[in-house]
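Structure, as structure tokens:
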Amino acid sequence: MFQALTQIALPISLILIMTGVGMGLKIADFRRVVAQPKAFLIGAICQMAILPLIAVAIIELTGLTGPLAIGLFILALCPGGTTSNLYTLLARGDVGLSVSLTAVIGFITPFTIPILGAWAIANYATAEQAIVFPVLKTWITLIVVTVIPVIIGMLLRAKWESLALRLEPWVSKFSIAVLALVIVVICVNLGEKLIDFALLAGPAALLLNLVTMSLGYVAGSLLLHHEDQARTISLEVGLQNGTLALMITTGILQNAEMSVAPSVYSLLMFITATLFTVWVRTVSYTHLRAHETKANL
Numbered sequence: 000m001f002q003a004l005t006q007i008a009l010p011i012s013l014i015l016i017m018t019g020v021g022m023g024l025k026i027a028d029f030r031r032v033v034a035q036p037k038a039f040l041i042g043a044i045c046q047m048a049i050l051p052l053i054a055v056a057i058i059e060l061t062g063l064t065g066p067l068a069i070g071l072f073i074l075a076l077c078p079g080g081t082t083s084n085l086y087t088l089l090a091r092g093d094v095g096l097s098v099s100l101t102a103v104i105g106f107i108t109p110f111t112i113p114i115l116g117a118w119a120i121a122n123y124a125t126a127e128q129a130i131v132f133p134v135l136k137t138w139i140t141l142i143v144v145t146v147i148p149v150i151i152g153m154l155l156r157a158k159w160e161s162l163a164l165r166l167e168p169w170v171s172k173f174s175i176a177v178l179a180l181v182i183v184v185i186c187v188n189l190g191e192k193l194i195d196f197a198l199l200a201g202p203a204a205l206l207l208n209l210v211t212m213s214l215g216y217v218a219g220s221l222l223l224h225h226e227d228q229a230r231t232i233s234l235e236v237g238l239q240n241g242t243l244a245l246m247i248t249t250g251i252l253q254n255a256e257m258s259v260a261p262s263v264y265s266l267l268m269f270i271t272a273t274l275f276t277v278w279v280r281t282v283s284y285t286h287l288r289a290h291e292t293k294a295n296l
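Each residue of the sequence shown is one higher than the one before, counting from 0 in numbering that gives the first Met the number 0.
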């Protein structure tokens with residue numbers, strides 16, 4: 000079952016998920032990058048550069064090695080998709096900015112993941128671990144399962160917009176269900192090793208999530224001075240595409256140990272993102288009530 004899920008079901012599921020991402024995009028989302036370059040650049044730098052650097056620092060700090068370190072770093076290379084867009088909407092962030100980051104960065108990562116993933120294996124794998132990162136195969140696979148489906152989704156929206164808009168909300172639910180199934184199967188496949196690996200990777204995964212979300216929020220607040228954009232960047236750098244990371248670690252690299260950190264992170268990020276959303280909405284409501292009270296006086 001593990002082989003069938005990782006080699007067949009997971010790539011097919013990711014293709015469907017990324018098609019749904021494309022259904023939520025339109026050309027205006029790319030134009031918004033030009034209209035709001037500062038917000039986009041800050042979000043993109045946080046996602047593409049600062050997030051992997053923080054992952055490297057946390058790997059060193061926590062002493063992760065081998066497949067666990069490689070898995071955490073690969074996760075840091077996989078930006079969030081529809082999940083970050085959904086949480087941005089719930090947190091009353093800048094949905095346009097979130098969608099723009101999803102659209103543009105989604106076309107860049109198929110080129111960066113193979114190169115940086117190969118670096119991670121060369122840097123973190125021990126001499127006893129014969130792990131080879133197939134750069135060309137990974138690049139082709141990512142183009143097939145991410146870029147092409149997004150383009151197809153955008154074409155579907157351009158042709159049948161009402162149908163695409165009705166189907167797009169179900170993508171998040173489907174992606175969560177697929178992610179949950181993959182994590183369960185990985186846990187079963189690891190057996191008795193699971194607890195030991197989870198204890199090793201758990202603190203690093205939680206630290207990566209908390210640090211990146213905090214940094215994203217602070218960077219957005221200080222550099223943009225827009226609360227909604229600060230919330231958006233926080234969620235964009237904190238919510239990673241666990242499904243994509245698991246497809247790379249279990250499907251392409253076929254290493255269950257590498258999938259531990261992405262699995263743990265994927266579980267934790269929903270908890271922290273939910274708490275963050277509740278917190279910012281509570282703060283917004285408190286400020287609104289205080290403003291209304293002051294106005295009435």
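A virtual CB, placed ideally from N, CA and C, is assigned to each residue, including glycine.
Item	Value
Proximity winner among 281, 18, 195, 69, relative to residue 249 (alpha-carbon distances)	69
Selection from 72, 124, 63, 36 that minimises the alpha carbon distance to residue 53	72
Which listed residue (134, 104, 125) has its alpha carbon closest to that of residue 116	134
Presumed contact (8 angstroms Cβ cut-off) between residue 236 and residue 212, rounded CB distance	7 angstroms
Close beta carbons around residue 13, own chain, < 6 angstroms, minus the five adjacent residues each side	144, 242, 246
Check whether residue 92 and residue 266 have beta carbons under 8 angstroms apart	no
Spatial distance of residue 96 from residue 28 (CA atoms)	8 angstroms
Residue 85 to residue 23 span [Cα, whole Å]	11 angstroms
Proximal residues to residue 276 (C-beta, below 7 angstroms), its chain only, five neighbours per side dropped	86, 89, 90
Inter-residue CB distance, residue 77 and residue 108 (contact presumed, cutoff 8 angstroms)	7 angstroms
CB-CB length for residue 203 against residue 57, believed under 8 angstroms	5 angstroms
Segment contact, 8 angstroms Cβ cut-off, at least three pairs: the region 24 to 44 with the region 150 to 167	yes
Between the CA atoms of residue 279 and residue 149 - distance to the nearest angstrom	31 angstroms
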